[in-house]
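Q:
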Amino acid sequence: MTVPVLTIDGPSGAGKGTVSRAVAKKLGWNYLDSGSIYRSLAIAALKQAVDLADEAVIVNIAQAMMLEFDCDDELVVRLDGEDITSQLGLESTGNAASIVAALPEVRRVLLQKQKDFKQLPGLVADGRDMGTVVFPDAEYKVFLTASAAERARRRYKQLIEKGNDANLIQITNEIEERDRRDMERKTAPLAMANDALYIDSSDMTLNSVIEEVLNLIH
Ligand code: DC
371 MTVPVLTIDG PSGAGKGTVS RAVAKKLGWN YLDSGSIYRS LAIAALKQAV
421 DLADEAVIVN IAQAMMLEFD CDDELVVRLD GEDITSQLGL ESTGNAASIV
471 AALPEVRRVL LQKQKDFKQL PGLVADGRDM GTVVFPDAEY KVFLTASAAE
521 RARRRYKQLI EKGNDANLIQ ITNEIEERDR RDMERKTAPL AMANDALYID
571 SSDMTLNSVI EEVLNLIH
């Protein structure tokens, strides 16, 4: 029996996570947050204080790490038995994830872990290369983006609401740098699949984005 797959790719901060989770819940499908796999690897590498650009070392860590995802209401991620959920969303984790994710051999090693999420009754897969590399045969594909200024503003608001310090200019710079790294890397760069539906969420509400994605499937 074929498993329907919906891929949602796009740059960081476009709302992929929120949209993907809402759509997966509505459809009763499984959810793959592929960024959290790269983020978990980054946490493991930072913990061991190794050079993030040393491919052989990072590949070893990727092969050895034991990841468990619990997805009841909130996503809980355990790395070698330790709950790392609270570290996943940090800016430092995202930036380090983008560095280790640029290593071709690392992506190859993590490919199967991601494919394994494709199970009945269906899968919503969120990332950068879901529709191009990991699930090129997916029945439904979306490319969700927003302007860098809008993505920075949303991230800033989120941090302030959580009571953190935040600097809008610094966040904008980091977002632009991350976009550049994710788009310019040689292996599986952030790119829109030819057969994806393009959605620019800059001036859209969350609900209208979710509705547009659900319309694609119904
Ligand atoms: O979606 P995210 O912000 O959690 O992703 C963190 C980093 O991981 C992102 O900057 C690039 C990398 N990533 C990737 O290379 N491929 C994916 N499918 C998902 C994330």
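The working numbering puts the first residue of the sequence shown at 371, with every later residue one more than the last.
The beta-carbon is built from N, C-alpha and C at its ideal position, and this holds for glycine as well.
Keep in mind it's a predicted model, so treat the numbers as computed, not measured.
Classify Gly492 as buried or exposed, calling it buried when 16 or more other Cβ atoms lie within 10 Å of its own Cβ.
A: Label assigned to Gly492: buried.
Q: For the stretch 401 to 449, which segments carrying the beta strand (DSSP E) assignment without a break, of at least 3 residues, lie completely within its bounds, in sequence order?
A: Correct list: 437 to 441, 445 to 449.
Q: If you compare alpha carbons, which of Ala414, Asp552, Val476 is closest to Ile454?
A: That would be Ala414, whose Cα lies nearest to the Cα of Ile454.
Q: Secondary structure at Glu509, three-state DSSP: helix, strand or coil?
A: DSSP places Glu509 in coil when its eight states are reduced to three.
Q: With DSSP run on the structure shown, which of helix, strand or coil describes Thr463?
A: Note: Thr463 maps to helix in three-state DSSP.
Q: So is Ile539 buried or exposed if we call it buried at 16+ other beta carbons inside 10 Å?
A: With fewer than 16 Cβ atoms within 10 Å of its Cβ, Ile539 is classed as exposed.
Q: Which same chain residues end up closer than 7 Å to Ala472 when comparing Cβ atoms and leaving out the 5 residues on each side of it in sequence?
A: The answer, listed in chain order, is Arg551, Arg555.
Q: Within the same chain, show all residues whose beta-carbon is closer than 6 Å to that of Glu425, passing over the 5 residues directly before and after it, in chain order.
A: For Glu425, where only same-chain residues beyond five positions count, the Cβ hits under 6 Å are Leu473, Glu475.
Q: Compare the C-beta of Tyr408 with all C-beta atoms of chain C and state if any pair is closer than 7 Å.
A: The question asks about chain C, but that chain is absent: this structure has only one protein chain.
Q: Which one of Ile580, Arg409, Ile545, Leu437 has the shortest CA to CA distance from Phe487?
A: Checking every option, the nearest Cα to that of Phe487 belongs to Leu437.
Q: Kindly examine the ligand DC and report whether one of its heavy atoms sits closer than 6 Å to the Cβ of Ser390.
A: Not so, every heavy atom of the ligand DC lies at least 6 Å from the Cβ.
Q: Once the 5 residues before and after Pro383 are set aside, which same chain residues still bring their CB inside 8 Å of it?
A: Reading off the sequence shown, one finds Gly at residue 383, where the question assumed Pro. So the list reads Ala516, Arg521, Ala522, Arg524, Arg525, Ile545, once near-sequence residues are dropped.
Q: Looking at the unbroken alpha helix (DSSP H) that takes in Ala519, where does it start and where does it end?
A: Run containing Ala519: 518 to 531, per the alpha helix (DSSP H) assignment.
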